[in-house]
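Residue numbers (the working numbering): 100 to 382. Working notes for the structure below.
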């Protein structure tokens, strides 16, 4: 049997959402470009994208429900079923995995009694693995409603989810204070975080994130001698000029074929582990 038309929102909810939606749509020269933030808006209302939310977006943007459904099911940030107040995502991409992300994810599945994408019986936590949290220098990383919890272990991750389920205060490692998934969805729809002090909260990059920037600026690499300065790329202004090296004699640091190479040992500079063609089978 074909699905019946989705029910509409109650009149007061519909009026409130329409006012918010019109504010979002006005930001775009083409109304249909507002679909992604509108999906966040309806997700903020019910905790996931329902058939009613899809119908609402379609009507306001003059789209079919099939078109809206296609977009809402393409992106993993839109939930297709009821989920927890706290979306706990464990990075299981390469670096986080080898640093302990896989162990954390397996431990939390057992500790919470849920699988990937499933929610605890109390409706507090939905657990999922995430391919990358873009915070490799803090690996392994766990995110709760897209806020960072860095350098986690199975033990610290268990404490984290236990605190969330018990309603205890939890502070992210950096960034804004933690809020619920519905509140996060409303912010992603383009509405400001109205909590006192939340906007001023910041989460600067860690030391490991900034090493490359320091080298690019020509600063001394932390913990290394003064001769391992890498010249900034902007130092070379013309093709006929000699490449800048950060050294008065115009020579690149020993062992580095390019002045822009990071000051790390390579096979070319390590005589004990030379690079070369692989040996033939049996040699």
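Heads up, the beta-carbon is just placed ideally off N, CA and C, and yes, glycines get one too. The model shown is predicted, which means the values in this text are computed figures rather than measured ones.
- For residue 278, the secondary structure class from DSSP, reduced to helix, strand or coil, is coil.
- In this structure, the alpha-carbon of residue 254 lies about 44 angstroms from that of residue 122.
- Looking at the DSSP output, residue 187 sits in a beta bridge with 226 and 243.
- DSSP places residue 237 within a helical segment (H, G or I) once states are collapsed to three.
- Between residue 289 and residue 136, the C-beta gap is smaller than 8 angstroms, which places the two residues in contact.
- Taken through DSSP and simplified to helix, strand or coil, residue 220 comes out as coil.
- Closest in C-alpha terms to residue 221, from the list 264, 208, 246 and 118, comes 264.
- Here DSSP, grouped into helix, strand and coil, assigns residue 290 to coil.
- In the three-state scheme derived from DSSP, where H, G and I count as helix and E and B as strand, residue 131 is classed as helix.
- Between residue 151 and residue 106, the C-beta spacing is below 8 angstroms.
- Beta-carbon to beta-carbon, residue 140 and residue 285 are separated by about 7 angstroms, close enough to satisfy the 8 angstroms threshold.
- Cβ contact annotation for residue 181 (same chain, cutoff 7 angstroms, sequence separation greater than five): 146 and 147, in chain order.
- Contact between the segment 231-248 and the segment 176-196 is present, with at least three C-beta pairs closer than 8 angstroms.
- For residue 273, the secondary structure class from DSSP, reduced to helix, strand or coil, is strand.
- Membership of residue 210 in the alpha helix (DSSP H) is indicated by the continuous run 201-211.
- The Cβ atoms of residue 125 and residue 160 lie no closer than 8 angstroms to each other.
- By the criterion of a C-beta distance shorter than 7 angstroms, residue 234 is surrounded in its chain by 240, 247 and 249, once the five residues flanking it on both sides are discounted.
- Residue 273 holds the alpha-carbon nearest to the alpha-carbon of residue 299 among 280, 283, 281 and 273.
- In terms of CA proximity to residue 210, 258 leads the group 305, 169, 167 and 258.
- With a 10 Å radius around the Cβ and a threshold of 16 neighbouring Cβ atoms, residue 296 comes out exposed.
- Nearest Cα to residue 115 within the set 143, 134, 127 and 132: 143.
- Of all alpha-carbon atoms in 111, 308, 157 and 228, the one lying nearest the alpha-carbon of residue 215 is that of 228.
- Per DSSP, residue 318 lies in no alpha helix (DSSP H) segment and is marked neither H nor E.
- Approximately 6 angstroms separates the beta-carbon atoms of residue 154 and residue 164; this is inside 8 angstroms, confirming the contact.
- Close CB contacts of residue 262 within its chain, under the 7 angstroms cut and outside five residues either way in sequence, are with 269 (chain order).
- For residue 199 against residue 224, the beta-carbon gap comes to about 20 angstroms, at or over 8 angstroms, which does not count as contact.
- Here residue 120 is buried. Its C-beta has 16 or more other C-beta atoms within 10 Å.
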